[in-house]
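Terminal number for the sequence shown in my numbering: 144, no gaps in between. By construction, the Cβ of each residue, glycine as well, lies at the ideal position given by its N, Cα and C atoms. Remember, it's a predicted structure, so these values are computed and weren't measured experimentally. Working notes for the structure below.
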Amino acid sequence: MAQNKRARHEYQILETTEVGIVLKGAEVKSVRQGKVDLSDCFASIKDGEIWLHNMHVSAYQNAGPFNTNPKRSRKLLLHKREIRKLFGKTKQQGLSLVPLRLYWKHGLAKLELAIAKGRKSFDKREALKARDHDREMRQRGSDAEG
């Protein structure tokens, strides 16, 4: 439904977790229409709960006065032990919680949340070089077969 393509470039993804997300009325309809932007989104832990910040959900056209703030913070749904595990990793190792994609599973909105380490600019260049090299090797392999 919605992907954060920039996250895979900006961060080195170490581990991913599927979490639920709390949406209000008209937000569900907007999400179903794909009117979601995860590009500047991040998650933080506050008072034993995980909150998602800066996820932009466009207003649903037919909701009238019932639309909510498009950039409001939304609560993520995890078990307490999962929250403690994520809290430990982010505090001890200086890692970040970054959303990768939003999708539907059995009629419920789910978010793929990643524990990630920020990349330096030279790391980004190395990753791009490696990806380009792999692409060239695949193309050469398919050319030799055909």
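Rounded C-alpha distance that separates residue i from residue j
{"i": "residue 82", "j": "residue 139", "result": "46 Å"}
{"i": "residue 7", "j": "residue 38", "result": "13 Å"}
{"i": "residue 63", "j": "residue 136", "result": "53 Å"}
{"i": "residue 45", "j": "residue 132", "result": "44 Å"}
{"i": "residue 70", "j": "residue 126", "result": "34 Å"}
{"i": "residue 90", "j": "residue 60", "result": "46 Å"}
{"i": "residue 3", "j": "residue 22", "result": "25 Å"}
Contacts around residue i, its chain only, beta-carbon distance under 7 Å, and the 5 residues preceding and following it disregarded
{"i": "residue 56", "result": "28, 33 and 68"}
Cβ-based neighbour list, residue i, same chain, cut-off 6 Å, excluding 5 preceding and 5 following
{"i": "residue 216", "result": "A question about residue 216 goes unanswered here, because the residues of the chain that appear run from -1 up to 144."}
{"i": "residue 54", "result": "35, 68 and 69"}
Cβ neighbours of residue i in the same chain (closer than 8 Å, five flanking residues each side left out)
{"i": "residue 19", "result": "50, 72, 73, 74, 75, 100, 107, 108 and 109"}
{"i": "residue 42", "result": "48, 49, 51 and 95"}
Span of the beta strand (DSSP E) around residue i
{"i": "residue 90", "result": "Unbroken run through residue 90 is the alpha helix (DSSP H), 78 to 91; no beta strand (DSSP E)."}
{"i": "residue 41", "result": "40 to 44"}
{"i": "residue 7", "result": "No beta strand (DSSP E) holds residue 7; the alpha helix (DSSP H) holding it covers 3 to 8."}
Residue i, enclosing alpha helix (DSSP H) - first and last residue
{"i": "residue 26", "result": "23 to 30"}
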